[in-house]
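Below you'll find the structure, written out as structure tokens, and then a few comments.
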Amino acid sequence: MKMNLLCLILLFLMLLSSVWAVMTRTLLKAAIGLALASAVLTVLMFLLGAPMAAVFELSVCAGLITVVFVSTISLTKPISEKAEEEREREHLKFSWILPLILLAIGLALKFVPFAFDFNLPPAALNNDFRSVLWNTRLLDILGQITIILAGVFGVIILFKEKKENER
Amino acid sequence: MSANIPAFFWQFVIFVILLFVTGVYCIMVTRNFIRVLIGLEILTKAVTLLIVLAGFATGHTALAQAYAVTLIVIEVVVIAVAAGIVIGVFRVNNSLDVTKLRNLKG
């Protein structure tokens, strides 16, 4: 019961920080809101019995991605901050609709009888994260390595082209 | 095997749906490139939570963690490359407005 209440509070916190990230006018605050949502998600993942994924989420999503966002924001600084804020204000003119939409959908879903009778697979015998990751899902590791290499080459090409253009 | 889902599972699912709606709203409403990425990030957070939740409900926590880690790695690479593209677009157009990306318009 206690865990249930704690999870509910954390879910509310995560939703609130995500909504704040969407509704706030300055991009830096949005990035901070996103990092906060990641941090709350980390605690939720830990409570749901996924500590390794939670550590990944904390270090990568709350840390690295926030750094990437902040550096992108600082590298794409507009000519005048006031003009940027003015433009954002114009674009987010209807952002107050979002809480109303969420409230409506949340209330509607409250009355939906979620009782799908689907068959659950039996609980795994081997529930060790390391052995599942390195033995059962070995192909995923290869995929991850490929994606990381693709990302690295992508970023190299993006910045290489820029240097040639500047010359 | 009959369904034996914990009662709080559906509360989590409602919040996952609400997070997903928030992300979709962010992507649809804004014209700022960085805000589109923020919306994408919120979408992936909702999916990560759903994967971990499904693992907890079915007892396959290790498998769910493996999937979550894979998703996080993909998310980071996508955001890193997209951030590079955003910087490139800003240097060319001097703007982050997605509606001004009309260089390839025929």
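Sequence lines, in order, name chains L and E. If you use this note's numbering, the first sequence corresponds to residues 728 to 894, in order. If you use this note's numbering, the second sequence corresponds to residues 2 to 107, in order. The C-beta atom is built at its ideal place from N, Cα and C for all residues, glycine as well. Remember, predicted model here, so these are calculated numbers, not experimental data.
> Which residues in chain E sit within 9 Å of Val797 of chain L, going by Cβ to Cβ distance?
Replying inline: Within chain E, no residue comes near Val797 of chain L; the closest Cβ sits about 10 Å away, beyond 9 Å.
> According to DSSP, is Leu742 of chain L helix, strand or coil?
Replying inline: helix
>> Please state whether the Cβ-Cβ distance between Phe141 of chain E and Leu738 of chain L is less than 8 Å.
In response: Outside the shown range of chain E, which is 2 to 107, sits residue 141 of chain E, and nothing can be said about it.
> Is it a yes or a no for the segment 825–833 of chain L touching the segment 34–42 of chain E, going by three-plus beta-carbon pairs under 8 Å?
Replying inline: no
>> Cutting at 6 Å between CB atoms, please list the residues of its own chain near Ala789 of chain L, excluding the five before and the five after it.
In response: Ala762, Ser765, Ala766
> Going along the chain, which residues of its own chain have a beta-carbon closer than 7 Å to the beta-carbon of Cys734 of chain L, five neighbours each way excluded?
Replying inline: Same-chain partners within the cutoff: Leu771, Leu774.
> Can you round the beta-carbon distance between Leu742 of chain L and Leu20 of chain E to whole angstroms, since I take them to be within the 8 Å contact cut?
Replying inline: For Leu742 of chain L against Leu20 of chain E, the beta-carbon gap comes to about 6 Å, under 8 Å, which counts as contact.
>> Once the 5 residues before and after Ile43 of chain E are set aside, which same chain residues still bring their CB inside 7 Å of it?
In response: Taken in chain order, the residues that qualify are Leu20, Thr23, Gly24, Cys27.
>> By alpha-carbon positions, which one of E:Leu54, E:Thr45, E:Val87, E:Leu102 ends up nearest to Leu72 of chain E?
In response: E:Thr45
> Where does Phe13 of chain E land, buried or exposed, given buried means 16+ other C-beta within 10 angstroms?
Replying inline: buried
> Listed from N- to C-terminal order along the chain, which residues in the segment 767–793 of chain L have their beta-carbon within a distance smaller than 7 Å of any beta-carbon of chain E?
Replying inline: Leu768, Leu771, Met772, Leu775, Gly776, Ala777, Met779, Ala780, Phe783, Glu784, Val787, Cys788, Leu791, Ile792
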